[in-house]
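Structure, as structure tokens:
4 protein chains.
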Amino acid sequence: MLVVMKPQATPEEIQAVCDHIQQLGFRPHPLPGAQRTAIGITGNQGQIDQGNIEELSGVAEVIRVSKPYKLVSRDIKEEDTIIRFPGTNITIGGRDLAMIAGPCSIESREQGFACAEAVAKAGAQFFRGGAYKPRTSPYAFQGLGEEALKIMAEIRDRFGLRIVTEAIDAEALELVAEYADVIQIGARNMQNYSLLRAAGRKRKPVLLKRGLSATLEEFLMAAEYIMSEGNYEVILCERGIRTFTDHTRNTLDLSIVPAVQRLSHLPIIVDPSHGTGKRNKVTPLARAAVAVGADGLIVEVHHQPDKALSDGMQSIYPEQYEQLFHECSQIAEILHRNIP
Amino acid sequence: MLVVMKPQATPEEIQAVCDHIQQLGFRPHPLPGAQRTAIGITGNQGQIDQGNIEELSGVAEVIRVSKPYKLVSRDIKEEDTIIRFPGTNITIGGRDLAMIAGPCSIESREQGFACAEAVAKAGAQFFRGGAYKPRTSPYAFQGLGEEALKIMAEIRDRFGLRIVTEAIDAEALELVAEYADVIQIGARNMQNYSLLRAAGRKRKPVLLKRGLSATLEEFLMAAEYIMSEGNYEVILCERGIRTFTDHTRNTLDLSIVPAVQRLSHLPIIVDPSHGTGKRNKVTPLARAAVAVGADGLIVEVHHQPDKALSDGMQSIYPEQYEQLFHECSQIAEILHRNIP
Amino acid sequence: MLVVMKPQATPEEIQAVCDHIQQLGFRPHPLPGAQRTAIGITGNQGQIDQGNIEELSGVAEVIRVSKPYKLVSRDIKEEDTIIRFPGTNITIGGRDLAMIAGPCSIESREQGFACAEAVAKAGAQFFRGGAYKPRTSPYAFQGLGEEALKIMAEIRDRFGLRIVTEAIDAEALELVAEYADVIQIGARNMQNYSLLRAAGRKRKPVLLKRGLSATLEEFLMAAEYIMSEGNYEVILCERGIRTFTDHTRNTLDLSIVPAVQRLSHLPIIVDPSHGTGKRNKVTPLARAAVAVGADGLIVEVHHQPDKALSDGMQSIYPEQYEQLFHECSQIAEILHRNIP
Amino acid sequence: MLVVMKPQATPEEIQAVCDHIQQLGFRPHPLPGAQRTAIGITGNQGQIDQGNIEELSGVAEVIRVSKPYKLVSRDIKEEDTIIRFPGTNITIGGRDLAMIAGPCSIESREQGFACAEAVAKAGAQFFRGGAYKPRTSPYAFQGLGEEALKIMAEIRDRFGLRIVTEAIDAEALELVAEYADVIQIGARNMQNYSLLRAAGRKRKPVLLKRGLSATLEEFLMAAEYIMSEGNYEVILCERGIRTFTDHTRNTLDLSIVPAVQRLSHLPIIVDPSHGTGKRNKVTPLARAAVAVGADGLIVEVHHQPDKALSDGMQSIYPEQYEQLFHECSQIAEILHRNIP
């Protein structure tokens, strides 16, 4: 932490700040500059509340220096985390990109199988499908629950696809952890710390979506919650942030991909479906996500989007997904990555 | 819903859109204009997914017209909701403003009582204190849990203050509903729909904080979730939104107060502590909140903010709260409101 | 400036960063901490580009410490700037609040006089009216130009109101500086540095509106541009920022009022008309602005808003302005301020 | 325009709104729905101010339907605009991508030539370099002015590169239009309408950067200003928007590329340098921009970024640009585009 004094701060005020820091059990390092003095603080500062120092006489500003994340950081683990799926050679976080696709919600066995067949045919290795849907309206379709999980378990058996599905609360988590291969935590729950902790106690990989207004640090801290409980297999997912723009539902922030890769060893994938909310923008942004260096894509694909009970607007058709898959494979190659 | 056709759309394209709407079970109303045709849709449109129509040939745009909220709306109930507390003449939503104050977290019996004494002396009728704290870091102080709830129950007995405290998950909710007078749902959980539903099944008032990136409609829909389960006593709370600014932790959006009051019968209060994140801005913004017409204030007050285990930076001193209380009382009078 | 090294940075890397800083002509101060080393930099750092240091081996982050503003700052001038108008006892920035009101645009002599009469009657000391209008569409009404300035000069003579009007380019500035009492620089031109400099060479007060996406620092730096040319009479104006919200046209950020007052000696006023964009929200937010401590209000008032050629939607009626004036006067008194 | 009535609106209120619309000279179309009535308005609505209607009794909301842009729109001109440079086969907006590169500012003849040689060698066809710099601080380097323009004219002769440089005011515009091949209007001037009009009277292509908080509609309307004066050669440029994120200086909004291409015939390029503000993110985002379908890239390249007088932090090294160029060429091919 760094305390910046006002230019007109007196030596007594500077001394008083140093004394205060010492009383809190830390070490102050006054650093006189051309215009003003700054005071560095060393020692483990987990407990210092910068607001109180900011109110001391003569203080202009307090700047936090250390980052609060530990386990997610490359400081702790330099090499990339690679997540493996027992009994397969599928990975997330290595050279291969993870291609995850499927409908927003599982609406019926027929619909689930039709979508799964389409995405498997295109080459996807993971199937996504909602069993529990967090909907803005309490009157909208909320998912089929465990029935949907059972349908997806069948889909795994039939098509060899790994299953990714969202857990919206502690109860759903138990079932999702039982049936699925990857537990998804949705954007709206990114700071639902009870759910994060509970997911951290499971031994299945967790796909953590970035909250609509989450900073990079908050996003990494949410992953830290999961890891702090002992589950080190976390996959981050950029899915668009809320901004003033209105030509897309959210603004897909692709710059977070290299930013995460610089700070953290965890894999990061991109969701161009929620990231744009418009069918005609999914493929261009999917290509961009691969080009920026993402470790995979999660895409909503529906065999009959105009009849979808949710998110039909942003679901693409199977033939569009095949085209997307093909273009992304070619781009991945240029980056010396591979879509298996 | 309104479908806006492109200027160059052909009569056949317009007809095709009308046919499509009819097949979905609704009634199309073509509306030829100077430059382009628009098509109104009537019938209950809960299930129409505008995305599919948007992709039809000749369509420029689809505009949603009806609002999805029902129970929160003045369309259903014109007069203001007034929440009463049995055995007292305390209200929220009527002429009297609700003054809620107390520390971020309950840290000990001594600290809780010291804070409670201070806010009761200033005139507050409600005491806030965290038992379960949603913290960005898993390594930060997370609250005393049930022990804190017991301390607050004692505080109610001793000082006659109604207790407001946050429930962060289903488990905490059971205890909070038992011990407290008002169940708080925090900003990070505003779209934790499982928790909202569970709170809707309780028979205690719910204080619902606006999410950091929630639109007015999403905020009202979160209240709708609670009400749809039969709990009609919801108090909305503006606590700052996330914007690009950096001089405060959040941007307090006071304009939502008259906006809510126009659309909804529910009371809305303001939290200037989280809304600014800076002690020196709490009182000015508290005054502004009363002046804009808020139905109450929730303020963090700590008798020793520099020793607080959380949020010390934005907690004000008891004597500052007294000043705030005094100034706000005077402003309330000008608006023909009253701080009891 | 503070360079934060990575935890695993070697002594050689730390030394290399220190050497680099020294070569640039500054003094490095290594500051070893529990987990990592930070390096303070002293000397006049106007020219250091933090990006290059950030790319050196072992560097985690570079944090800028000193603020770039000088003349706007209380570091240079502690007491509040009070702007006076020769031949009157009108001030901006002192105990009296500046009440500025009038139509968005001057549309005709009749309309200008009708509006001026109304605001003068309510008690305003300043008249605002657009002669040059920056409109989003090139096809919308762009103002009457010099003709409007002449009408406003007559209004000053007739009603004793000081005139505030916007200059949108160098050419308009010459005329505005000649006819008006206060030169307004609009939000869209807040970073039009040529125009700021030109206004800085005039000897009339400048009302500088905050840009839609301007941080506090950028806002103060825009004022610094004007002052750097020798014009020290700058009035800042908050008029709403762009956020994700959609219930108002902009989000009025009232917290910037105390934030500016802490850092700068310049007066700051608030524009609740553009700040909300909705007639029914102007009065509540005007009250809030006075309650937060603003040094004045600029409000759009039109005697026939439904016939206004621009901004009718957010203009209030004369009788609404009288009510606003009355309520704000009472609130000002509580803060020991005065509306003359 | 569509007027949505409240559910409880009376037939008299509906009639009154229709009468009001008729008095304004337009045609109302009442559209009774299941829950509420909506009233469509037809006729040329340029002059209707929706605010006044919104205030009529019984009105819930007014929704604007028609878009205000004309000349920029594909409604007027369906095929893509292709900009040609006389005496060359260089184009912007066709199959070939425009590769524009060079330093933030021209600092000296030597520096300009060194940078130009580097980007020409990599394959760029356009050279960018600032002669007039809009800097946040009045005390920062502001560019060499006409001297820089002369250096760039020499660079064109020597390396065959077309010159792109920014005009910050009317005076600079005259010189830029004389010396350069493309007139750049910076993000901070996107709504400097006087400058846009003046650029519209020149007969050189204009590169228009998106403002930091500009919506798609405002961006297109700024282009409309230029075109309304008779200059149809406008190149749009996405360069990042302001959001709450802090891991990059701005958030590059790549989704605007397909959004513009759907609505407008104008070419759109991307600036990954300002769009991220960080050297290590320029290449990944440049690749993403080409993958999303942009018509070109404008990139800051400096032969000695650590000695640059401005923007060194986001300028890449010549060898990084070569790598970027190579990767982007390969991605362009996949999209059936070409980097010449």
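From first to last, the protein sequence lines stand for chains V, X, C and Y. Just so we're aligned: 166 in the working numbering is position 166 of the first sequence, and the numbers increase by one with no gaps anywhere. Just so we're aligned: 453 in the working numbering is position 113 of the second sequence, and the numbers increase by one with no gaps anywhere. Just so we're aligned: 695 in the working numbering is position 15 of the third sequence, and the numbers increase by one with no gaps anywhere. Just so we're aligned: 1292 in the working numbering is position 272 of the fourth sequence, and the numbers increase by one with no gaps anywhere. Heads up, the beta-carbon is just placed ideally off N, CA and C, and yes, glycines get one too.
Check: C/TYR912 touches chain Y at which residues, Cβ-Cβ below 9 Å?
Finding: Correct list: empty, because the minimum Cβ distance to chain Y is about 14 Å.
Next item on the list: Using DSSP bridges, identify the partner residues of V/GLN184.
Entry: When beta bridges are read from the DSSP output, V/GLN184 appears opposite V/GLU166, V/LEU207.
Notebook entry, point to check: Counting only runs that start and end within the stretch 894–949 of chain C, where is the alpha helix (DSSP H) found for 4 or more residues in a row?
Noted result: 896–908, 936–943
Checklist line | Residue closest to C/LEU977, alpha-carbon to alpha-carbon, out of C/THR771, C/VAL940, C/ILE949 | finding: Of C/THR771, C/VAL940, C/ILE949, the residue nearest in Cα terms is C/ILE949.
Next item on the list: Inspect the CB distances between the stretch 1088–1106 of chain Y and the stretch 1269–1284 of chain Y and report whether three or more fall short of 8 Å.
Entry: yes
Note to self: How far does the alpha helix (DSSP H) with X/ALA456 in it extend, from its first residue to its last?
What the structure shows: In the DSSP annotation of this structure, the continuous segment of the alpha helix (DSSP H) that includes X/ALA456 starts and ends at 449–462.
Next item on the list: Kindly list the residues whose CB is nearer than 8 Å to the CB of Y/ARG1182, restricted to its own chain and excluding five residues on each side of it in sequence; keep chain order.
Entry: PHE1105, THR1108, ILE1110, GLN1145, PHE1146, PHE1147, ARG1176, ASP1201, VAL1202
Checklist line | Proximal residues of chain C, C-beta to C-beta of X/ASP593 below 7 Å | finding: THR925, THR931
Margin query: Taking the straight line between their C-alpha atoms, what separation do you get for V/ALA339 and V/VAL3?
Written below: For the record, residue 339 of chain V in the displayed sequence is Ile; it is not Ala. Just so you know, the alpha carbons of V/ILE339 and V/VAL3 end up roughly 49 Å apart.
Note to self: Output needed in chain order: residues of the stretch 792–809 of chain C with a Cβ under 7 Å from some Cβ in chain V.
What the structure shows: none
Note to self: So X/GLY373 contacts chain Y; which residues on that side make the cut at Cβ distance below 7 Å?
What the structure shows: THR1062
Check: If you run the structure through DSSP and keep just helix, strand and coil, what is C/ARG836?
Finding: helix
Check: Are the beta-carbon atoms of C/ILE831 and C/ILE780 separated by less than 8 Å?
Finding: no
Margin query: Looking at chain V, is there any beta carbon in it that lies within less than 8 Å of the beta carbon of Y/ALA1207?
Written below: no
Next item on the list: Answer yes or no: does any C-beta atom of chain C fall closer than 8 Å to that of Y/GLU1099?
Entry: no
Next item on the list: Please classify C/ARG877: does DSSP put it in a helix, a strand, or coil?
Entry: helix
Next item on the list: Taking the CB atoms as reference points, tell me whether C/THR816 and Y/GLU1238 lie closer together than 8 Å.
Entry: Yes, they are a contact pair.
Next item on the list: In the DSSP assignment, find the alpha helix (DSSP H) that holds X/ILE354 and state where it starts and stops.
Entry: 351–363
Note to self: Taking 7 Å as the cut-off, is the C-beta of X/VAL622 nearer than that to any heavy atom in the ligand FMN?
What the structure shows: Although the ligand FMN was asked about, the structure shown includes no ligands whatsoever.
Checklist line | Entirely enclosed alpha helix (DSSP H) segments - the stretch 377–431 of chain X, minimum 4 residues | finding: 390–394
Notebook entry, point to check: When the Cβ atoms of the stretch 984–991 of chain C are set against those of the stretch 965–975 of chain C, are three or more pairs found closer than 8 Å?
Noted result: no
Check: Does any C-beta atom of chain Y lie closer than 8 Å to the C-beta of X/LYS346?
Finding: yes
Check: chain Y beta carbons: is any one of them nearer than 8 Å to that of X/ARG579?
Finding: no
Next item on the list: Would you kindly report the start and end of the unbroken alpha helix (DSSP H) that includes C/PHE1005?
Entry: 998–1014
Next item on the list: For X/LYS461, count neighbouring Cβ atoms within 10 angstroms of its own Cβ and tell me buried if that reaches 16, exposed if not.
Entry: It counts as exposed.
Checklist line | chain V contact for Y/ASN1358 (CB, 8 Å cutoff) | finding: Not an interface residue.
Check: Using the beta-carbon of each residue, which ones in chain V are nearer than 8 Å to X/GLU352?
Finding: Within 8 Å Cβ-Cβ: nothing; X/GLU352 doesn't reach chain V, min ~19 Å.
Next item on the list: Go ahead and pull the three-state DSSP assignment for Y/GLY1332.
Entry: Y/GLY1332 falls in the helix class under three-state DSSP.
Check: Can you name, in chain order, every residue of its own chain whose Cβ lies under 8 Å from the Cβ of X/ILE596, other than the five neighbours on each side?
Finding: Hits under 8 Å: ARG550, LEU556, PHE559, GLU578, ILE608.
Next item on the list: Return the residue from the list V/LEU196, V/ASN52, V/SER108, V/GLN15 that minimises the CA-CA distance to X/PRO478.
Entry: V/LEU196
Item checked: Segment limits, alpha helix (DSSP H) that includes X/HIS614 -> 612–616
Check: What distance in whole Å lies between the Cβ atoms of Y/ILE1205 and Y/LEU1228, which are believed to be in contact at a cut-off of 8 Å?
Finding: 5 Å
Item checked: Where V/ASP295 falls: helix, strand or coil (DSSP) -> coil
Notebook entry, point to check: Excluding the five sequence neighbours on either side, which residues of its own chain have a C-beta within less than 6 Å of the C-beta of C/GLU741, listed in chain order?
Noted result: VAL684
Notebook entry, point to check: Once you ignore the five residues that flank Y/GLN1042 on each side, which residues in its own chain have a CB closer than 7 Å to its CB?
Noted result: PRO1048
Item checked: Spatial neighbours of Y/LYS1298 in its chain, beta-carbon cut-off 8 Å, leaving aside the 5 residues before and after -> THR1268, ARG1269, MET1333, GLN1334
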